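Working notes, structure below.
Residue numbers (this note's numbering): 11 to 258.
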């Protein structure tokens, strides 16, 4: 069974048909740049471009980088335009896609569901936390495989700052930090999250997961296992499609 998944990020909008039996992309993904400012109308146009690239006419699952309540209403917009707040995202995307059935879910929650089902978190019990390091830091919290949605742990305060302002991939790039310097910041952040939730496993996702060999060995002193996401930056696309396949 195939469902289309779209992952909306602060820098890019990427999507592809997903093979739900394998938990992997059925075709090579297509990506467009996220418009700046990332307004609802501009992002919706980008989503349409991605979906139309494949001439897709079935259900579409989409992620959003913020809190999504009721499967549709956007409540936060830290890394996109503030006009998103209180937008009915499902209605907006469905209209822009010519009436196709649409579901919307938090981006890190989608990536987490994919990793727990098909990736680094499968068959792991207890508390598992996926953290996506990109434009911001997204989070997905699981207890015995059950998702606690919309946790937004990237906005925990760390040394007087939003954690994602210090430890995201964007913070590394903007500050021109070495891998060693950035890994120290990530370690402090993980230690703070570990103090609050005592997970058995941290899964490190987002685009930086492709470069785990550059920094993972530099993270020390964390009791939980710390591993890279197996689906890497495709996890959000897979999770979006999985969400769209669930019965209402």
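In this text, a Cβ means the ideal position worked out from N, Cα and C, and glycines have one as well. Predicted model, so just to flag it, every value in this text is computed and none were measured.
Check                                                                                                                                                                                             : Outcome
Hey, quick one: how far does the beta strand (DSSP E) through residue 149 stretch, first residue to last?                                                                                         : 147–153
Please state if the CB of residue 19 and the CB of residue 144 are separated by a distance shorter than 7 angstroms.                                                                              : yes
Between the C-alpha atoms of residue 147 and residue 65, what's the straight-line distance to the nearest angstrom?                                                                               : 32 angstroms
How should residue 178 be labelled, buried or exposed, when 16 other C-beta atoms within 10 angstroms of its C-beta is the threshold for buried?                                                  : buried
So the alpha helix (DSSP H) residue 99 belongs to, where does it begin and stop?                                                                                                                  : 99–106
Only counting runs of 3 or more residues, tell me where the beta strand (DSSP E) segments fall wholly within the region 106–177, in order along the chain.                                        : 112–116, 137–143, 147–153 and 156–158
Under a Cβ-count criterion, where at least 16 other Cβ atoms within 10 Å of its own Cβ denotes burial, should residue 190 be classed as buried or exposed?                                        : exposed
Just checking my contact of residue 22 with residue 14 at CB under 8 angstroms: how many whole Å lie between their CB atoms?                                                                      : The Cβ separation is near 17 angstroms, so there is no contact.
Just to confirm my understanding: we take residue 246, look at its own chain, exclude 5 residues before and 5 after, and list those with CB closer than 6 angstroms. What are they?               : 17, 73, 117, 120 and 121
By how many angstroms is the C-alpha of residue 50 removed from the C-alpha of residue 92?                                                                                                        : 9 angstroms
Using DSSP with H/G/I as helix, E/B as strand and the rest coil, what is residue 255?                                                                                                             : helix
Give me the Cα-Cα distance between residue 172 and residue 106, rounded to the nearest whole angstrom.                                                                                            : 34 angstroms
Which runs of the alpha helix (DSSP H) at least 4 residues long sit entirely within the region 18–51? Give them in chain order.                                                                   : none
Buried or exposed, going by whether 16 or more other CB atoms sit within 10 Å of the CB of residue 4?                                                                                             : The chain is shown from 11 up to 258; residue 4 falls before or after that span and cannot be answered.
Might you give, ordered along the chain, the residues of its own chain that have their beta carbon closer than 8 angstroms to the beta carbon of residue 181, omitting 5 neighbours on each side? : 174, 175, 187, 192 and 195
Among the candidates 167, 234 and 47, whose CA atom is the shortest distance from the CA of residue 87?                                                                                           : 47
What span of residues does the beta strand (DSSP E) with residue 73 cover, start to end?                                                                                                          : 70–74
Just the C-alpha distance for residue 138 and residue 154, rounded to the nearest angstrom, thanks.                                                                                               : 8 angstroms
Relative to the C-alpha of residue 82, which candidate in 228, 215, 213 and 160 has its C-alpha closest?                                                                                          : 160
Give the range of the beta strand (DSSP E) segment to which residue 262 is assigned.                                                                                                              : Nothing in the structure corresponds to residue 262, since the chain is present only between 11 and 258.
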